[in-house]
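Trainee: To start, I am sharing the structure in question, which I have written as structure tokens.
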Ligand SMILES: [Zn+2]
Ligand SMILES: [Zn+2]
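In my numbering, the protein residues as written are 18 to 255.
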């Protein structure tokens with residue numbers, strides 16, 4: 018079965034995420050676009066994932082808990098997990114490895130926490146939009162130990178990407194996926210990196226950015242149990 022996905026979506030917890038990126042708006046937009054699975058990947062936080070999971074619980078949409086982590090090399094890496102507890106384990110480590118600075122919302126923007134009714138129930142006080150002290154090698158190892166997957170984000174971009182900052186994908190970096198931005202020609206990256214799987218996601222900061230059914234992934238029994246169970250329950254997938 019093919020799964021239509023968008024594995025890079027920000028909520029209002031990301032300072033650059035639009036305040037319309039609330040749990041209900043995101044889930045409903047993804048459903049309108051007939052996506053099967055989305056990942057919530059805020060900058061260095063998992064604060065809104067629980068509410069998004071609650072909103073999507075009785076829908077056909079699979080929510081993948083994730084986070085977009087900025088490494089010490091100042092590029093972005095998408096991390097994805099099977100469940101929220103794993104994502105929170107990484108959250109604890111990331112918070113410990115972020116500089117202890119306060120967010121300056123007039124410069125960076127708000128970092129809003131929503132409940133499942135889209136009420137604002139809090140604000141993250143610490144600065145999220147900055148590099149952690151985790152190198153990409155450390156991050157890959159930590160995510161693997163927790164049981165998730167991670168891969169460099171938007172490698173085609175001129176900023177905050179592994180290619181812009183390191184000049185290449187280090188051959189000894191133990192990753193199987195690479196993310197490209199929504200307007201890239203996927204085939205050219207497939208040809209350029211034949212040993213990697215190319216993931217194309219939106220990096221949505223606004224509701225309208227969320228992908229249509231354009232990125233697909235084949236799902237099989239090796240995929241996380243949670244996806245399979247939910248898809249079976251909702252769609253009678255055998
Ligand atoms: Zn990014
Ligand atoms: Zn992003």
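Beta carbons: idealized from backbone N, C-alpha and C, even for Gly. Here the structure is a predicted model, which is why all the values come from computation and not from measurement.
1) Taking 7 angstroms as the cut-off, is the CB of residue 223 close to at least one heavy atom of ligand 1?
2) Determine, using beta-carbon pairs with one atom in the region 73-91 and one in the region 149-157, whether at least three such pairs fall under 8 angstroms.
3) Output yes or no for whether 8 angstroms exceeds the beta carbon distance between residue 53 and residue 97.
4) Quick one: Cα of residue 79 to Cα of residue 194, how far?
5) Assess contact between the region 24-32 and the region 127-134, defined as three or more Cβ pairs (one per stretch) separated by less than 8 angstroms. Is contact present?
6) Kindly indicate which three-state DSSP category residue 24 falls into: helix, strand or coil?
7) How would you label residue 216, buried or exposed, when you count the other beta carbons within 10 angstroms and need 16 or more for buried?
8) Can you tell me whether residue 35 sits near ligand 1, meaning its C-beta is under 7 angstroms from at least one heavy atom of the ligand?
9) Within the chosen definition, does the region 189-206 reach the region 108-116 through at least 3 CB pairs nearer than 8 angstroms?
10) Around ligand 2, what residues have a beta-carbon under 5 angstroms from a heavy atom of it, in chain order?
11) Can you find the residues in the same chain that come closer than 8 angstroms, C-beta to C-beta, to residue 222, ignoring five residues on each side of it along the sequence?
Mentor: Walking through what the data contain:
1) For the purposes of this step, residue 223 is taken as the residue at position 206 of the chain shown. No - ligand 1 has no heavy atom lying nearer than 7 angstroms to the Cβ of residue 223.
2) yes
3) To locate residue 53, count along the chain shown from 1; it is residue 36. To locate residue 97, count along the chain shown from 1; it is residue 80. Contact: no.
4) As a working note, residue 79 is residue 62 in the chain shown. As a working note, residue 194 is residue 177 in the chain shown. Answer to the nearest angstrom: the Cα atoms are 20 angstroms apart.
5) yes
6) In the chain shown, residue 24 corresponds to position 7, counting from 1. Residue 24 falls in the strand class under three-state DSSP.
7) The residue labelled residue 216 in the question sits at position 199 within the chain shown. Result: buried.
8) As a working mapping, residue 35 is identified with position 18 in the chain shown. The answer is no for residue 35.
9) no
10) 85, 220
11) What you label residue 222 is simply residue 205 of the chain shown in a count that begins at 1. Taken in chain order, the residues that qualify are 27, 31, 33, 34, 35, 38.
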